[in-house]
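This report concerns only the one structure given below.
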Amino acid sequence: MNASTAYEQVSPVVPSWLNKGDNAWQMTASTLVALQSMPGLVILYASIVKKKWAVNSAFMALYAFAAVLICWVLLGYRMAFGDELLPFWGKGAPALGQKYLISRARVPESTHRREDGTSETVEPWYPMASLVYFQFTFAAITLILLAGSVLGRMNIKAWMAFVPLWLIFSYTVGAFSLWGGGFLYHWGVIDYSGGYVIHLSSGIAGLTAAYWVGPRLKSDRERFPPNNVLLMLAGAGLLWMGWSGFNGGAPYAANIDASIAVLNTNVCAATSLLVWTSLDVVYFGKPSVIGAVQGMMTGLVCITPGAGLVQSWAAIVMGILSGSIPWVSMMILHKKSALLQKVDDTLGVFHTHAVAGLLGGLLTGLLAEPELCGLILPVRTRGAFYGGSGGVQFLKQVVAAIFVIAWNVVSTTLILLFIRLFIPLRMPEEQLVIGDDAVHGEEAYALWGDGEKYDATKHGRNASLFGEETAESPYVNGARGVTINL
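Everything in the sequence shown is counted per the working numbering, starting at -1 for the first residue and increasing by one.
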């Protein structure tokens, strides 16, 4: 009996260039990164904010995930990984055609010459469809991370306009320049898995957006407690576990460098979490669950630009620094900076992503190990710690960071000023006071009866579910109960 063509060694559905292991891992990594956003950050945002903003915060992430995917396949992917239009930007075109998607994956502008005179192009051993989707998950999470800076007050209609515009005019520029064969890629700047393209960009763009959108209500800024700390931990857990796909998928293959990246990612995150928690105990006298999540995040962000390029002892060093430097910037410097005090960055994305991402990029310029660099990078290089040309590499990392920061400040500003001509960036005051019910007509928790809204005549302290007269219970210090007069 003939086997199905799907299982033949070489057939139309299994071409000679297809590596099934690489393809399976790339699709798995894509799914892990997608789960970081949906439902990871959706859950994290919904639970870490004040109850009245839970639905709105979750919806901003949900909308961004869907909108980015459609814009990505219509235009964005080839602007970031297609043929060159400018040294920092690719030519936009759809990535929807069958012929294009089932052909072997290729980044056309990545072609570079080796020292021996031969040339090399990034051509993973799987179809273009796998690469298009993998890179979409990176683009989506960047917008969702940016959203963390403007939660609790940005006009949802303005956000809906902002997502596609920022993806096209900001994200694709960084992605092409550093990953798609742009000028920084060929210059030899290192960004293994998005320390600059994703985290520095989202942190700087988020701070810029927070400035132009304006602050939350004064009452929200002064008191903004999480509405569900345990659910927040569930979202954070999805984010951490998904990061194995985030950094492990960056080599575009199930190879030894992917293994190094996954191990280093988790080592750095754990170290950073412990350092941040220790600083909380020393400085505030008690450990904070939110602080632990922040430390986890900064560790994951910091290792990203060098995950597969540094030794594991260096990952611990990076974890120590990522658990302390962003802590200092958030807990101490933030309170002393007039600008940071003025700009209302809701979740501190500037500290957890911009500061940690910049730190990771610079540390990669110091600690990138030559042999590991030779496994994956197009240009032979090393960190400054290893001598030789390492000092030049560190300077390249600095210059690239300046470019990414400048582009995100300018592009984000122009996009928001354009949107402001047609849609107010900030919600009206009446919506800011009420929250989800005013913005969406929905609330996160059905706390009264069968989902009905609070009514003092029915749910007040002196009313029972049956309408009978009730009396306060004298029991339990500070608590209130009711007894029903039958």
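Ideal placement from N, C-alpha and C gives every residue a C-beta, glycine not left out.
A distance below 9 Å separates the beta carbons of residue 149 and residue 43. DSSP places residue 30 inside the alpha helix (DSSP H), whose first and last residues are 18 to 33. Residue 79 and residue 101 have their alpha carbons spaced roughly 15 Å apart. Beyond the five residues adjoining it in sequence on each side, residue 361 comes within less than 6 Å, by CB distance, of 316 in the same chain, given in chain order. In the three-state DSSP reduction, residue 148 falls in the coil class, being neither helix nor strand. Bridge pairing for residue 82: 88 [DSSP].
In the displayed model, residue 285 falls within coil according to three-state DSSP, outside both helix and strand. Under the 10 Å beta carbon count, residue 156 is surrounded by 16 or more other beta carbons and is classified as buried. Spanning the alpha carbons of residue 380 and residue 399 requires a straight line of approximately 18 Å.
Between the region 335 to 355 and the region 199 to 209 there are three or more C-beta pairs closer than 8 Å, enough to call the two in contact. Note on residue 374: 16 or more other CB atoms within 10 angstroms of its CB, so buried under the neighbour-count rule. Contact annotation: residue 191 and residue 259 have beta-carbon atoms nearer than 9 Å. The shortest C-alpha to C-alpha distance from residue 171 to any of 366, 195, 347 and 45 is the one to 195. Residue 189: not part of any alpha helix (DSSP H); DSSP gives it neither H nor E. The beta carbon of residue 76 lies closer than 8 Å to those of 88, 89, 90, 91, 92 and 93 in the same chain, with the five residues before and after it left out. The alpha-carbon of residue 301 is positioned some 8 Å away from that of residue 193. The C-beta of residue 378 has fewer than 16 other C-beta atoms within 10 Å across all chains shown, which makes the residue exposed. A Cβ-Cβ separation of about 27 Å leaves residue 357 out of contact with residue 413 under the 8 Å criterion. Separation of the CB atoms of residue 278 and residue 286 is rounded to 5 Å, and the pair is thereby assigned contact status at 8 Å. Between residue 342 and residue 151, the gap from beta carbon to beta carbon is short of 9 Å. In this structure, DSSP gives residue 111 an extended state, which the three-state scheme calls strand. Here residue 104 has 121 as same chain residues with Cβ atoms under 6 Å from its own Cβ, once five neighbours each way along the sequence are excluded.
In this structure, the beta-carbon distance from residue 47 to residue 35 does not fall below 9 Å. When rounded, the separation of the alpha-carbon atoms in residue 425 and residue 224 is 21 Å.
Residue pairing for residue 422: DSSP places it in no beta bridge.
If you look at residue 199, you'll find it in the alpha helix (DSSP H) that goes 199 to 211.
Under the three-state reduction of DSSP output, residue 440 falls in the coil class, being neither helix nor strand.
In chain order, 202 place their CB closer than 6 Å to the CB of residue 403, counting only its own chain and leaving out the 5 sequence neighbours on each side. Segment contact: the region 221 to 235 against the region 382 to 390, fewer than three CB-CB distances shorter than 8 Å; contact not assigned. Around the beta carbon of residue 81, fewer than 16 other beta carbons sit within 10 angstroms, so the residue counts as exposed.
Residue 70 sits buried, since 16 or more C-beta atoms from the chains shown fall within 10 Å of its C-beta. According to the DSSP assignment, residue 36 belongs to no alpha helix (DSSP H), since it is labelled neither H nor E.
The beta carbons of residue 210 and residue 298 sit about 28 Å from each other, so the pair does not count as a contact at 8 Å.
Residues of the same chain with a CB within less than 7 Å of the CB of residue 440, apart from the 5 flanking positions on each side, are 53 and 434 in chain order.
Residue 12 is bridged by DSSP to 9. Residue 174: member of the alpha helix (DSSP H) spanning 170 to 176, first to last residue.
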